[in-house]
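Trainee: Numbering (my numbering), first residue to last: 15 to 311.
Don't be surprised by glycine CBs; every beta carbon is placed ideally from N, CA and C.
Please read these numbers as outputs of a predicted model, since none were measured by experiment.
1. Let me confirm a value: residue 263 is counted as buried when at least 16 other C-beta atoms fall within 10 Å, else exposed. Which label applies?
2. Helix, strand or coil for residue 54 per DSSP?
3. Which value, in whole angstroms, describes the spacing of the CA atoms of residue 134 and residue 231?
4. Could you check the C-alpha separation between residue 147 and residue 273 for me, to the nearest Å?
5. Rank 202, 81 and 68 by C-alpha distance to the C-alpha of residue 214 and give the top, closest one.
6. What does the alpha-carbon distance come out to for the pair residue 196 and residue 32?
7. Since residue 100 and residue 182 should fall inside the 8 Å C-beta cutoff, what is the C-beta to C-beta distance between them, to a whole number of angstroms?
8. Note down, in chain order, each residue of its chain lying with its Cβ closer than 7 Å to the Cβ of residue 51, except the 5 sequence neighbours on either side.
9. By Cβ distance below 7 Å, which residues in the same chain neighbour residue 235 in space, the five residues on each side in sequence not counted?
10. Please check the pair residue 113 and residue 292, which I expect to be a contact at CB under 8 Å, by giving their CB distance rounded to whole angstroms.
11. Go ahead and label residue 303 buried or exposed: buried means 16 or more other beta carbons lie within 10 angstroms of its beta carbon, across all protein chains shown.
12. Starting from the Cα of residue 243, find the closest Cα among 30, 28, 71 and 35 and give me that residue.
13. Sorted by chain position, which residues of the same chain lie with C-beta nearer than 6 Å to residue 95's C-beta, five sequence neighbours on each side aside?
14. Closer than 7 Å by C-beta to residue 249: which residues in its own chain qualify, once you throw out the five before and the five after it? Chain order, please.
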């Protein structure tokens, strides 16, 4: 996200609590998405969650410095990549694949950021290339060894969940290259509103906002959607923003390899999803490569 302002010092124990809360909020997002799409149309559900989140943040952002037109255009493009191409595609894929498999595949996002960063002139070191090969090798192990129960008999969903992190990484790079200064709350509001609006249009074109499609929505799916709105989009964002202002960036970046572990653990325990030997081996390679890459930076 976009940073701004001077870092404030807060007690270490409070920082740890905030970081743990962020791990839980964002680590539980993929399992919550899996529960949501059980009875809620995936694109329609994601559209409403992001659009409502954007409206709430837009209200919070009132009175804050407004972005320029160029910044708005860049943020809107990034929002579409992040929320339509990234999270929207992942939400559709979760109608078939397990949350545990999805969490492991999503862990590759920081690796894609490094790889795609080469197109913006950011050269990867020899050590980074070794970590990239190890990390993507881990993804290959996870996918090739995944049992049918994890894939749901739909290879297209695995492909979609492999493409989604690429689009999310592209949106992240675009966000990182927005002209400064820029208020973080305003930036996120623009991205959520842009991505949510496009998802609404896609959902309308596919009939996913037809009231008849929502007639059989269960309480579990509805609760998961509310959870995503409150804890993933709003509370998670506020925790992330606060941590970036008060804690070292390398410490905050640990969410990138802790939250996939949380997601896979929730999928295996709460959702009773399978975990297999290849998931442990490949997942360890991916998360290890991500951790070393973030530490190296």
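Mentor: Straight from the coordinates:
1. Under this definition residue 263 is an exposed residue.
2. Reduced to three states, the DSSP call for residue 54 is coil.
3. The straight-line gap separating the alpha-carbon atoms of residue 134 and residue 231 is approximately 44 Å.
4. Linking residue 147 to residue 273 through their CA atoms gives a straight-line distance of about 22 Å.
5. Nearest option by C-alpha distance: 68.
6. If I take the Cα positions, the gap works out to 24 Å.
7. The beta-carbon separation of residue 100 and residue 182, rounded to 3 Å, stays under the 8 Å limit for a contact.
8. Non-local C-beta neighbours of residue 51 in its own chain, meaning closer than 7 Å and more than five positions away in sequence, comprise 59, 105, 108 and 109, ordered along the chain.
9. Answer for residue 235: 49, 50, 52, 53 and 54, listed in chain order.
10. In this structure, residue 113 and residue 292 do not form a Cβ contact; the two beta carbons are roughly 17 Å apart against a cut-off of 8 Å.
11. When all chains shown are included, residue 303 counts as buried.
12. Selected option, being the one with the closest Cα: 71.
13. Its chain contains 181, 184 and 185 as the residues whose beta carbon lies nearer than 6 Å to that of residue 95, once the 5 sequence neighbours on both sides are disregarded; these appear in chain order.
14. Excluding residues within five positions, the ones whose Cβ falls inside 7 Å are 39.
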